[in-house]
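These notes concern the structure reproduced below.
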């Protein structure tokens with residue numbers, strides 16, 4: 044019988060300019076297929092990955108942000124977004140492509156401490 048691990052994937056990178064965003068999303072989906080309890084965190088420029096108004100085709104990039112809507116089918120329900128990161132970038136939570144839980148920066152350490160593994164992208 045396999046053991047379920049609690050895994051946090053912390054997204055700090057902007058959606059384009061590196062493959063971090065796409066790779067973290069792929070990792071989350073793959074880990075959930077192996078019955079791991081995945082929590083996603085979006086902080087700093089990582090909050091930009093969730094913007095619904097992205098137009099990546101203008102820079103010949105893939106629109107991977109549309110895949111975030113599939114998270115619910117993979118039973119990934121713990122999706123946290125830093126309120127301060129949104130505010131610093133002038134983003135309102137209504138502009139995000141999926142439903143998330145907004146957290147304060149001060150809540151992040153406690154939430155990450157409850158995980159067995161933490162991966163940062």
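In the numbering used here, the protein residues as written are 44 to 164.
No residue lacks a Cβ here, since even glycine has one placed at the ideal position from N, Cα and C.
Let me confirm a value: residue i is counted as buried when at least 16 other C-beta atoms fall within 10 Å, else exposed. Which label applies?
i           : result
residue 119 : buried
residue 69  : exposed
Give the range of the alpha helix (DSSP H) segment to which residue i is assigned.
i           : result
residue 127 : 126-131
Considering only C-alpha positions, which residue in the set the options is nearest to residue i?
i           : options       : result
residue 71  : 140, 114, 143 : 114
residue 106 : 91, 135, 116  : 91
residue 67  : 78, 77, 85    : 85
Go ahead and pull the three-state DSSP assignment for residue i.
i           : result
residue 157 : coil
residue 137 : helix
residue 150 : helix
residue 85  : strand
Taking 8 Å as the cut-off, does the CB of residue i come closer than this to any heavy atom belonging to the ligand MG?
i           : result
residue 142 : The ligand MG is not part of the structure shown, which contains no ligands of any sort.
Subject >> Every unbroken alpha helix (DSSP H) within the region 53-112, with a cutoff of 4 residues, ordered by chain >> reply: Counting whole runs of 4 or more residues, the region 53-112 contains the alpha helix (DSSP H) stretches 63-76.
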